[in-house]
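These notes are about the structure you will find just below.
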Amino acid sequence: MSKFWSPAVSELTPYIPGEQPRERLIKLNTNENPYPPAPGVGAVLREFPTDHLRLYPDPESRALRESLGRTFGVDADQVFVGNGSDEVLALAFQAFFRQERPLEMPDITYSFYPVYCRLYGVERRALPLNARWEVDLDAFDSDCGGVIFANPNAPTGHGHGREAIAGLLERITDSVVLVDEAYVDFGGESAVSLVERFPNLLVTGTFSKSRSLAGLRLGYAVGSRELIEGLTRVKNSFNSYPVDSLASAVAIATLEDTDHFEACREKVITTRERTRRQLESLGFEVLPSRANFVLVSHPDFDAAQLFVGLRERGILVRHFNTDALRNFLRITIGTDDEMDSLVETLELLCA
Ligand code: PMP
């Protein structure tokens, strides 16, 4: 505790997203992609003119926003980019959610949303998931100060279809609905095509998962020009150079290689379904997932003990120390070999 910290900061504990191993471990704890980024990335890194690093990057990140615009079928003016979607989310909280009415979100969702509420003085109303552990879209109040949820949700993995999101947007028209699509490429349905119809819809996404670029910190938002301008106003107040030039060139190379993108995401989906069947045959309950992870529990074994047992045998997964999730492990989908090692180790631990 420090007398210099503001009250909101005093309440926070530093966020540690998951152990970064020093020794060689099988790392299935932070939802990274097990496959390398598109091959074109290597060429961009080798051929990038070093003299360009002398110059500040384009303050508007035009080339990357145009490339994202082509990918999503929208104008570059409807695209915003930032250093990781965490940064984009932080800006959205400041631009849209500091309202008199509370921001609504599911009670089990991405753990950063409550942190941003505290940091930016946003009142929060948490709504329980439904009996099937899905985000309950009907529970959001049309009179709220905004809505945020991840779709597919984290760490549960369930994803709503586009029509269900459209139904929510028919009802909630007076505040911003932010749909965080960090995991949408692993079998989810994107709401991006709805941004023309609903000016209050903001969809965020990341290059960290399906594009295998977590090390670069690149995220984006797609929405109406009105919402993109709102984000730009907040951004400009403290940092007018959004995304660095090298990261931007790398990101464009991954957007242009659709074959690599499709092959990697299909591989992850196939491995996820294989792993699900294997875990179920060991007696695990596996929540249906449209993401690159599964949330699992075992009726006879304690999740915290399984976490320790896996860790001792060189496999890192995620265990959340909250009441609702104490019995669960969240397991990122790795390569087939990695998942075979995971299943074999769990077989031993659950024998
Ligand atoms: N949203 C969700 C739901 C996430 O799980 C994550 C990553 N943990 C992020 C956003 C942030 O991703 P990044 O900052 O790497 O783009």
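Sequence positions in the sequence shown follow UniProt numbering and run 1 to 351.
Every residue, glycine too, gets a C-beta built ideally from N, C-alpha and C.
Where residue i falls: helix, strand or coil (DSSP)
| i | result |
| --- | --- |
| ILE172 | coil |
| SER297 | strand |
| MET1 | coil |
| PRO7 | helix |
| ALA214 | coil |
| VAL192 | helix |
| ARG326 | coil |
| PRO114 | helix |
| VAL81 | strand |
Contact check, residue i vs residue j, beta carbons under 7 Å
| i | j | result |
| --- | --- | --- |
| LEU103 | VAL88 | no |
| ARG330 | ARG318 | yes |
| ASN153 | VAL135 | yes |
| ARG290 | GLY188 | yes |
| GLY161 | LEU287 | no |
| ALA253 | VAL81 | no |
| GLY223 | LEU202 | yes |
| ASP77 | ARG265 | no |
| LEU246 | PHE48 | yes |
| TYR110 | ALA150 | yes |
| ASN29 | LEU316 | yes |
| ARG313 | THR270 | no |
Distance cut-off 6 Å: residue i Cβ against heavy atoms of the ligand PMP
| i | result |
| --- | --- |
| TYR220 | no |
| ASP185 | no |
| ALA150 | yes |
| ALA126 | no |
| ALA251 | no |
| ASP86 | yes |
| SER111 | no |
| ALA154 | yes |
| ALA182 | yes |
Distance, residue j Cα to residue i Cα
| i | j | result |
| --- | --- | --- |
| ASP259 | ALA38 | 9 Å |
| SER175 | TYR220 | 20 Å |
| ASP58 | SER341 | 45 Å |
| ARG277 | PRO242 | 43 Å |
| GLU181 | ILE148 | 11 Å |
| ILE228 | LEU279 | 43 Å |
| ILE108 | PHE293 | 16 Å |
| LEU53 | LEU64 | 17 Å |
| ARG211 | PHE261 | 7 Å |
When the options are compared against residue i, the one with the closest alpha-carbon
| i | options | result |
| --- | --- | --- |
| ALA304 | ASP323, ARG274, LEU137 and LYS267 | ASP323 |
| ARG217 | GLU196, SER224, SER193 and ALA251 | ALA251 |
| ASP302 | ASP51, PHE284 and THR204 | PHE284 |
| VAL234 | ARG277, LEU306, LEU325 and TYR120 | TYR120 |
| SER208 | MET339, ASN83 and ILE228 | ASN83 |
| SER297 | ARG326, ASN321, SER210 and ARG125 | ARG326 |
| VAL41 | LEU12, LEU255, ARG118 and PHE307 | LEU255 |
| TRP139 | PHE261, ARG125 and GLU262 | Here the sequence assigns Ala to residue 139, which means Trp is not the residue at that position. The residue with the shortest Cα to Cα distance from ALA139 is ARG125. |
| ASN200 | LEU213, THR206, GLU170 and SER210 | GLU170 |
| ASN31 | ALA90, THR206, ALA263 and ALA95 | THR206 |
| PRO128 | ARG118, MET105, ASP141 and SER61 | MET105 |
| GLU196 | MET339, VAL74, GLY69 and ASP257 | VAL74 |
Any non-hydrogen atom of the ligand PLP within 6 Å of residue i CB
| i | result |
| --- | --- |
| SER61 | This structure simply doesn't include the ligand PLP; it includes the ligand PMP instead. |
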